[in-house]
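Taking it in order: structure first as structure tokens, then the write-up.
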Amino acid sequence: MSITENYQRIRKEIPDNVTIVLASKTRTPEEIIKVIEAGATDIGENYVQEAEGMYNCLGEKAKKVRWHMIGALQKNKINKALPIFDVIQTVDSLRTAAAVDKRVERAGKKIISVYIEINIGSEITKDGLKPDYEIIESLAREISRLEHLSLEGLMTMGPRFGNPEDSRPYFRKTKDIFERIRALNLPNVNMETLSMGMTNSYEVAIEEGSNMVRLGTIVFGKRKYEN
Ligand SMILES: *Cc1c(COP(=O)(O)O)cnc(C)c1O
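Numbering-wise (our numbering), the sequence shown opens with residue 3 and increments by one.
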């Protein structure tokens, strides 16, 4: 099956209210162009450097889609990241949030959408805030006070277990935290998006309330290497 067919098949299979972010790591610009031409609306990048290369390479086509930062954001890359990305999904500390906030205007923007990343499985190898509700609420309140950030969702990787059913309780817990933060009705916070689910777990994630899945392998095929 081609990338085009894969994307269109998955797009049909997944409910309309669920956004598909195509995870582009290790893929070529040609592959990304294919998926954009097939109708993709959102692209996810793990590294600012790669995103920049990809964005420039795509020219006008890059402007047809929304760009999501889905990898850890280093402070020294924020200035480069801001002009490219529409959403930063990986905010997990006030330090990062404040560092982004400070640089938004300099990048010629008024506001940037952000999600809080939660390390729902408390895995030591993963980024994200630990799944302690009080800590997450307090970061949401702090972000709400930052003029140039618009908090719009939560993101989680979930444990990459072999059996996607094992992720279900973690997804459920993330959804619960999402609803609690949303119910706070904080100023400048508009909790709309729950970004969870990847190739092996997207079906379970959607059943548990995800409205944004981040897919790579199922559309582009197996990655030859991870970088
Ligand atoms: C690679 C990646 C994905 C997609 O993973 P697949 O298993 O290839 O679908 C999703 N989210 C993040 C943050 C990633 O790095």
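Using N, Cα and C, we set each Cβ at its ideal position, and we do this for glycine too.
This one's a predicted model, so the numbers in the text were calculated from it and none came from an experiment.
Just verifying my parser: in three-state terms, what is the DSSP assignment at T28? As a working note, residue 28 is residue 26 in the sequence shown. Reduced to three states, the DSSP call for T28 is coil.
Hey, would you say the C-beta of L217 is under 7 Å away from at least one heavy atom of ligand 1? For the purposes of this step, residue 217 is taken as the residue at position 215 of the sequence shown. Taking the Cβ of L217 as the reference point, at least one heavy atom of ligand 1 falls within a distance shorter than 7 Å.
Own chain residues within Cβ distance below 6 Å of V191, not counting five before or after: Residue numbering aside, residue 191 sits at position 189 when the sequence shown is read from its first letter. Correct list, in chain order: S146, L153.
Find out if the Cβ-Cβ distance for the pair G155, K27 is shorter than 8 Å. Along the sequence shown, one-based indexing puts residue 155 at 153. Along the sequence shown, one-based indexing puts residue 27 at 25. It is not a contact, given that the beta carbons lie outside the stated cut-off.
Ligand 1 heavy atom lying under 7 Å from the CB of K128: Reading the sequence shown from its first residue, position 126 is the one you call residue 128. Taking non-hydrogen atoms of ligand 1 into account, the C-beta of K128 is found less than 7 Å away from none of them.
Between the alpha carbons of Q76 and N48, how many angstroms are there, rounded? Along the sequence shown, one-based indexing puts residue 76 at 74. Along the sequence shown, one-based indexing puts residue 48 at 46. Looking at the two C-alpha atoms, the distance is approximately 11 Å.
Do you know offhand how far C59's Cα is from P31's? As a working mapping, residue 59 is identified with position 57 in the sequence shown. As a working mapping, residue 31 is identified with position 29 in the sequence shown. Distance between the alpha carbons of C59 and P31 is about 7 Å.
Proximity winner among E54, F222, R29, relative to I80 (alpha-carbon distances): Against the sequence shown, residue 80 aligns to sequence position 78. Each of E54, F222, R29 was checked against the Cα of I80, and the nearest Cα belongs to E54.
G223 to E7, Cα distance in whole Å? Taking the first residue of the sequence shown as position 1, residue 223 is located at position 221. Taking the first residue of the sequence shown as position 1, residue 7 is located at position 5. Distance between the alpha carbons of G223 and E7: 12 Å.
Taking just the CA atoms, how far does S115 sit from G164? The sequence position of residue 164 within the sequence shown is 162, counting from 1. The sequence position of residue 115 within the sequence shown is 113, counting from 1. Looking at the two C-alpha atoms, the distance is approximately 32 Å.
Per-residue burial, M159 [other beta carbons within 10 Å of its own, 16 or more giving buried]: Numbered from its first residue, the sequence shown carries residue 159 at position 157. The C-beta of M159 has 16 or more other C-beta atoms within 10 Å across all chains shown, which makes the residue buried.
Helix, strand or coil for D44 per DSSP? Along the sequence shown, one-based indexing puts residue 44 at 42. Three-state DSSP puts D44 in a strand.
To which residues of the same chain is A109 closer than 6 Å at the C-beta, ignoring the five residues directly before and after it? On the sequence shown, position 107 is the one that residue 109 refers to. Within the same chain, Cβ atoms closer than 6 Å to the Cβ of A109 are found at L84, P85, the five residues on either side in sequence being excluded.
Give me the residue from R143, P17, K65 with the minimum Cα distance to A185. Looking up residue 185 in the sequence shown gives position 183. Closest by C-alpha distance to A185, out of R143, P17, K65, is R143.
Would you give the residue range spanned by the beta strand (DSSP E) that S146 belongs to? Taking the first residue of the sequence shown as position 1, residue 146 is located at position 144. In the DSSP assignment, S146 falls outside any beta strand (DSSP E) and within the unbroken alpha helix (DSSP H) covering 135-146.
Between the alpha carbons of L96 and I183, how many angstroms are there, rounded? If you number the sequence shown from 1, residue 96 lands on position 94. If you number the sequence shown from 1, residue 183 lands on position 181. Here the C-alpha atom of L96 lies approximately 16 Å from the C-alpha atom of I183.
So the alpha helix (DSSP H) N8 belongs to, where does it begin and stop? What you label residue 8 is simply residue 6 of the sequence shown in a count that begins at 1. That run of the alpha helix (DSSP H) goes 5-15.
Own chain residues within Cβ distance below 7 Å of K132, not counting five before or after: The residue given as residue 132 occupies position 130 in the sequence shown. Exclusion of the five residues before and after K132 leaves N121, S124 as the residues of its chain whose Cβ lies within less than 7 Å of its Cβ.
Where do the N-terminal and C-terminal ends of the beta strand (DSSP E) with Q76 fall, by residue? As a working mapping, residue 76 is identified with position 74 in the sequence shown. DSSP places Q76 outside any beta strand (DSSP E), giving it a letter other than H or E.
Let me know the secondary structure DSSP gives S169 once reduced to three states. Walking along the sequence shown from the start, residue 169 turns up at place 167. In the structure shown, S169 adopts helical secondary structure according to DSSP, grouped into three states.
Which residue comes first and which comes last in the alpha helix (DSSP H) that contains V102? Position 100 of the sequence shown, counted from the start, is the residue given in the question as residue 102. Per DSSP, V102 is one residue of the alpha helix (DSSP H) stretching across 96-106.
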